[in-house]
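Visitor: Protein sequence lines, in the order shown, are assigned to chains P and Y. For the first sequence, our numbering gives the first residue as 1, with consecutive numbering after it. For the second sequence, our numbering gives the first residue as 1001, with consecutive numbering after it. Backbone N, C-alpha and C fix where the C-beta goes; we use that ideal spot for every residue, glycine too. From a predicted model like this one, the values you see are computed outputs, not experimental measurements.
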Amino acid sequence: MTATTVAPPATQTVRTADPSKARLRAWATRAPLLPALIFMIVVTQLPFVATVVISFFDWNSLYPKARHFTGVDNYKDVLTDADLRHSVWTTVLLTVTVVLVSLVLGLLLALLLDRRFKGRGVVRTLLIAPFLVVPVAAALLWKHVLYNPEYGLLNGLLHYVGGPQPDWISNTPLLAVEASLVWQWTPFMMLILLAGLQSRDQQQMEAARVDGASDWQIFRYLTLPHLRRYLELGALLGSIYIVQNFDAVFTITSGGLGTANLPYTVYQSFYQAHENGLASAAGVLVVIGSIIIATFALRVVSSLFREEVGRA
Amino acid sequence: MSTIAVKRKGLGLGLVAWLLGIVFFLPIAWMALTSFHSETDAATNPPSFGAALTLDGYREFFGTGGGASPWPALINSTVASLASTLFVLLLALPAAYALSIRPVRKWTDVLFFFLSTKMLPVVAGLLPIYLFAKNTDMLDNIWLLVILYTSMNLPIAVWMMQSFLAEVPVAVIEAARVDGARLPTILARVVAPIALPGIAATALICFIFSWNELLFARVLTGVVAETAPVFLTGFITSQGLFLAKVCAASLVISLPVLAAGFAAQDKLVQGLSLGAVK
């Protein structure tokens, strides 16, 4: 990167009236920021611009000579494509379900772990483990070791109680993917919410208890409002990662049985169908959707952030 | 409530916590146990808890059983994760300095720009990156992954480090400057001691995300630069006969992340929440 040639930050803080020196100082303050900024623009923004350009071409990579400009045809195709519309719906459903369920479960676990009991550290370590398994490995674990209808652990345990022996992935494919993701993301939510619980004002809680507030009242009127920003942060960060989930869909169902989400669909249309133009148009639509979510999400973070700055 | 009732309730909730902890850990424990079973014992219903233990699954995985060796993939993952983590630190540290200790004007806007790139889905740039790599002979090259992983983790790292560096009191820096200390001294003596644990947490999280990444690696590597997660995808369609091997492979490849994560649980929380949760 060319950015490595910029000057090191100036250490002088002498005030000067000379405008050219002031400009120099402004650049010296900015300089440390530039390498990271330029790197991000080159590696993430430029490819996206290229994606936008490609999306206006009819371009199958198996027939490169037939490439030509088609205007918005790809977008029309994408928007009228039933599979793609379905994958939009799948993405929304998958993200919302996984984020909400893992938040609720995470809250429950955080509340339990916030109390003192024997072996709390061990339980916490056991609970974090699912988040630390490599995502592909976790997906393989669910697909082969837990869900398999013939020798999977789930049916093995059901066997003991004489229960049915369902084929989990074929019967409820999306639910199967969601369950594995909830298992992976609940620990993450728990960790953030536990940090939130432990930053509560203990004196205030004690005062409420002395005044005769019940556990539920303390939870409803003190804990929950305090946790709000932590819940928002967990939901935001979880959504960023789960909306883009590829590993679980790719591994557990290979996008089959109606579980293809947008990242998988885009991957498939250029990697397997070689439809560069269509894939790009789909990619651009994913981004437009993300921008809508992101504007909302960034507002949430910035409110969190303002509190943070305000405290300092 | 009487003290005894309170104690009993506490005990009961402790037991519930233990139970849920075990339920969440059960799949991993079962995976570990299965990895030490023979393939025939692994693929039974009902499950065989007491079957004889063997290292066959691990032998198979490490290629002494005739399969492809996982070592190149493990080495690639190590190189990609360590090198990209190093680059992230080199780029993020000065940036975080410019955003917290001597903040540039409109520094919050810059910070939000970084986070917004994280919301740009990976698939939105994948095709041009693929075409670029193909035309410049960078396909199946581990250094392409290093660059992409750096861009993947840089926004998170800038956010985290910004919040860690912001903890360094400006008054102390000013005092050191008045005493005649120059920038390198201030960085080494004042900033580093306070910021180092945060920097370590940032590095850890970048390492974990790079180690785990699948989509870029799957599309942009082939034989030579294959990473550990891509190696694992070879098991997606494997049938029951290889269950012990699948478990051994999954465990071995998850081990670096599990070890690092357990060792730094608290830092992990702070890092994963972009430093916003203290």
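Give every residue of the same chain whose Cβ lies closer than 8 Å to the Cβ of Y/Val-1172, excluding the five residues on either side of it in the sequence, and list them in chain order.
Guide: As a first step, residue 1172 of chain Y is located in the second sequence; it is residue number 172 there, counting from the start. Here the set comprises Val-1190.
Visitor: When you compare only the Cα positions, how much space is there between P/Asn-148 and P/Asn-171?
Guide: Position 148 of the first sequence, counted from the first residue, corresponds to residue 148 of chain P. Position 171 of the first sequence, counted from the first residue, corresponds to residue 171 of chain P. Each residue's Cα considered, the two are about 12 Å apart.
Visitor: Quick test of your reading: Y/Phe-1164 and Y/Ile-1199, contact by CB under 8 Å. State the CB separation rounded to the nearest angstrom.
Guide: Here residue 1164 of chain Y corresponds to residue number 164 of the second sequence, with the count starting at 1. Here residue 1199 of chain Y corresponds to residue number 199 of the second sequence, with the count starting at 1. Confirmed, about 7 Å.
Visitor: Pairs of beta-carbons, one from the segment 92-104 of chain P and one from the segment 172-190 of chain P, closer than 8 Å: are there three or more?
Guide: Yes: the two stretches touch, three or more of their Cβ pairs being nearer than 8 Å.
Visitor: Who does P/Asp-58 pair with in a DSSP beta bridge?
Guide: Here residue 58 of chain P is taken as the residue at index 58 of the first sequence, counted from 1. Beta-bridge pairing links P/Asp-58 to P/His-68.
Visitor: Name the chain C residues whose beta carbon is nearer than 7 Å to that of Y/Val-1246?
Guide: Looking for chain C here will not work: the only protein chains present are P and Y.
Visitor: Would you mind telling me which residues of chain Y sit closer than 7 Å to P/Gln-244, beta carbon to beta carbon, in chain order?
Guide: Start at 1 with the first residue of the first sequence, and residue 244 of chain P comes out as number 244. Those within 7 Å of P/Gln-244 in chain Y are Pro-1121 and Val-1122.
Visitor: What is the rounded straight-line gap between the Cα of P/Gly-368 and the Cα of P/Val-43?
Guide: The question about residue 368 of chain P has no answer here: the residues shown for chain P are numbered 1 through 312.
Visitor: Mind checking which residues open and close the alpha helix (DSSP H) that includes P/Leu-222?
Guide: Residue mapping note: residue 222 of chain P aligns to position 222 of the first sequence, counting from 1. Taken as a continuous stretch (DSSP letters only), P/Leu-222 belongs to no alpha helix (DSSP H), as it is neither H nor E.
Visitor: Taking the alpha-carbon of P/Asp-247 as reference, which of Y/Thr-1078, Y/Val-1230, Y/Pro-1103 and Y/Arg-1177 has the nearest alpha-carbon?
Guide: Residue 247 of chain P sits at position 247 when you count from the first residue of the first sequence. Nearest of Y/Thr-1078, Y/Val-1230, Y/Pro-1103 and Y/Arg-1177 to P/Asp-247, Cα basis: Y/Val-1230.
Visitor: Please list, in chain order, all residues of the same chain as P/Val-287 whose beta carbon is under 6 Å from its beta carbon, the five residues on each side excluded.
Guide: Taking the first sequence and counting its residues from 1, one reaches residue 287 of chain P at position 287. Counting only Cβ-Cβ distances below 6 Å, and skipping sequence neighbours, we find nothing.
Visitor: Got a sec: which bits of the segment 1097-1114 of chain Y sit with their beta carbon under 9 Å from any beta carbon on chain P, in order along the chain?
Guide: The segment 1097-1114 of chain Y vs chain P, Cβ under 9 Å: Tyr-1097, Ala-1098, Leu-1099, Arg-1102, Pro-1103, Val-1104, Arg-1105, Trp-1107, Thr-1108, Val-1110, Leu-1111, Phe-1112, Phe-1113 and Phe-1114.
Visitor: Could you check which residue in Y/Trp-1159, Y/Lys-1134 and Y/Leu-1074 has the C-alpha nearest to that of Y/Cys-1206?
Guide: Mapped onto the second sequence, residue 1206 of chain Y falls at position 206. With distances taken between Cα atoms, Y/Cys-1206 lies closest to Y/Trp-1159.
Visitor: Have a look at Y/Leu-1272 and P/Ala-139 and give me their C-alpha separation to the nearest angstrom.
Guide: In the second sequence, residue 1272 of chain Y corresponds to position 272, counting from 1. In the first sequence, residue 139 of chain P corresponds to position 139, counting from 1. Those two C-alpha atoms are separated by around 22 Å.
Visitor: Hey, P/Ile-252 and P/Trp-142 are a contact pair by Cβ (cut 8 Å); roughly how many whole angstroms apart?
Guide: Mapped onto the first sequence, residue 252 of chain P falls at position 252. Mapped onto the first sequence, residue 142 of chain P falls at position 142. Yes, P/Ile-252 and P/Trp-142 are in contact; Cβ-Cβ is about 6 Å, under 8 Å.
Visitor: Cα separation between Y/Asn-1141 and Y/Ser-1100?
Guide: Translated into the one-based positions of the second sequence, residue 1141 of chain Y becomes position 141. Translated into the one-based positions of the second sequence, residue 1100 of chain Y becomes position 100. About 36 Å.
Visitor: According to DSSP, which residues form a beta bridge with P/Glu-275?
Guide: As a working note, residue 275 of chain P is residue 275 in the first sequence. Paired residue(s): P/Asn-60.
Visitor: I'd like to know whether the C-beta of P/Gly-310 is nearer than 7 Å to at least one C-beta of chain Y.
Guide: In the first sequence, the residue the question calls residue 310 of chain P occupies position 310. At P/Gly-310, the pLDDT of 48 sits below 50, so the modelled position is not reliable; the number obtained from the coordinates is stated separately. No, P/Gly-310 lies away from the interface with chain Y (no Cβ there is under 7 Å from its Cβ).
Visitor: Can you tell me the Cβ-Cβ gap for P/Val-98 and P/Ile-242, rounded? I've got them flagged as a contact below 8 Å.
Guide: Locating residue 98 of chain P in the first sequence gives position 98, counting from the first residue. Locating residue 242 of chain P in the first sequence gives position 242, counting from the first residue. Right, their Cβ atoms sit about 5 Å apart.
Visitor: So, helix, strand or coil for P/Ile-38, using DSSP?
Guide: Your numbering for residue 38 of chain P matches position 38 in the first sequence. Looking at P/Ile-38 - three-state DSSP - the assignment turns out to be helix.
Visitor: Answer yes or no: do Y/Leu-1215 and Y/Pro-1155 have a C-beta to C-beta separation smaller than 7 Å?
Guide: Within the second sequence, the letter at position 215 stands for residue 1215 of chain Y. Within the second sequence, the letter at position 155 stands for residue 1155 of chain Y. No, the pair does not count as a contact, with Cβ atoms beyond the cut-off.
Visitor: Here's the rule: buried if 16 or more other CB atoms are within 10 angstroms of the residue's CB, otherwise exposed. What is Y/Glu-1226?
Guide: For this step, residue 1226 of chain Y is matched to residue 226 along the second sequence. Flag for Y/Glu-1226 reads buried.
Visitor: Between P/Thr-97 and chain Y, is any beta-carbon pair separated by less than 7 Å?
Guide: As a first step, residue 97 of chain P is located in the first sequence; it is residue number 97 there, counting from the start. No - not a single Cβ of chain Y is within 7 Å of the one on P/Thr-97.
Visitor: Just to confirm the assignment: which complete beta strand (DSSP E) runs, minimum length 3, are found wholly within the segment 1101-1154 of chain Y?
Guide: Whole beta strand (DSSP E) segments, 3+ residues: zero.
Visitor: Can you name the residues of chain P whose CB is closer than 9 Å to the CB of Y/Ser-1151?
Guide: Start at 1 with the first residue of the second sequence, and residue 1151 of chain Y comes out as number 151. By Cβ distance, chain P contributes Phe-39, Met-40, Val-42, Val-43 and Thr-44.
Visitor: Starting from Y/Phe-1061, trace the alpha helix (DSSP H) both ways and give me its first and last residue.
Guide: If you number the second sequence from 1, residue 1061 of chain Y lands on position 61. Y/Phe-1061 -> alpha helix (DSSP H) spans 1056-1061.
Visitor: Any idea what DSSP makes of P/Glu-150, helix, strand or coil?
Guide: Mapped onto the first sequence, residue 150 of chain P falls at position 150. Coil.
Visitor: Based on Cα-Cα distance, which residue from Y/Cys-1247, Y/Thr-1221 and Y/Lys-1118 lies nearest to Y/Met-1152?
Guide: Counting from 1 along the second sequence, the entry for residue 1152 of chain Y is found at position 152. Checking every option, the nearest Cα to that of Y/Met-1152 belongs to Y/Lys-1118.
Visitor: Give a yes or no on whether the minimum CB-CB distance between Y/Ala-1257 and chain P is below 7 Å.
Guide: Stepping through the second sequence from its first residue, residue 1257 of chain Y is reached at position 257. Before going on, a small fix: residue 1257 of chain Y reads as Val here, not Ala. Yes, contact with chain P.
Visitor: Let me check understanding here. Comparing Cα to Cα, which of P/Ala-26, P/Lys-118, P/Ile-218 and P/Thr-95 lies closest to Y/Leu-1019?
Guide: Against the second sequence, residue 1019 of chain Y aligns to sequence position 19. Nearest option by C-alpha distance: P/Lys-118.
Visitor: Candidates Y/Ala-1096, Y/Phe-1262 and Y/Ile-1253: which alpha carbon is nearest P/Pro-35's?
Guide: Numbered from its first residue, the first sequence carries residue 35 of chain P at position 35. Taking only the C-alpha atoms, the option nearest P/Pro-35 is Y/Ala-1096.
Visitor: Tell me whether the beta-carbon of Y/Pro-1128 lies closer than 7 Å to the beta-carbon of P/Leu-146.
Guide: The residue given as residue 1128 of chain Y occupies position 128 in the second sequence. The residue given as residue 146 of chain P occupies position 146 in the first sequence. Not a contact, by the Cβ cut-off of 7 Å.
Visitor: Distance check for P/Gly-256 and P/Tyr-63, CA to CA, integer angstroms please.
Guide: In the first sequence, the residue the question calls residue 63 of chain P occupies position 63. In the first sequence, the residue the question calls residue 256 of chain P occupies position 256. Going from the Cα of P/Tyr-63 to the Cα of P/Gly-256 covers about 27 Å.
Visitor: Using only CA atoms, which one of Y/Ala-1263, Y/Ala-1264 and Y/Ala-1244 lies nearest to Y/Thr-1040?
Guide: The residue labelled residue 1040 of chain Y in the question sits at position 40 within the second sequence. When only C-alpha atoms are compared, the closest one is Y/Ala-1244.
Visitor: Using a C-beta cutoff of 7 Å, does P/Pro-225 count as contacting chain Y?
Guide: As a working note, residue 225 of chain P is residue 225 in the first sequence. Judged by the 7 Å Cβ criterion, P/Pro-225 is not in contact with chain Y.
Visitor: DSSP state of P/Phe-246, grouped into three classes?
Guide: Translated into the one-based positions of the first sequence, residue 246 of chain P becomes position 246. Here P/Phe-246 sits in coil by DSSP.
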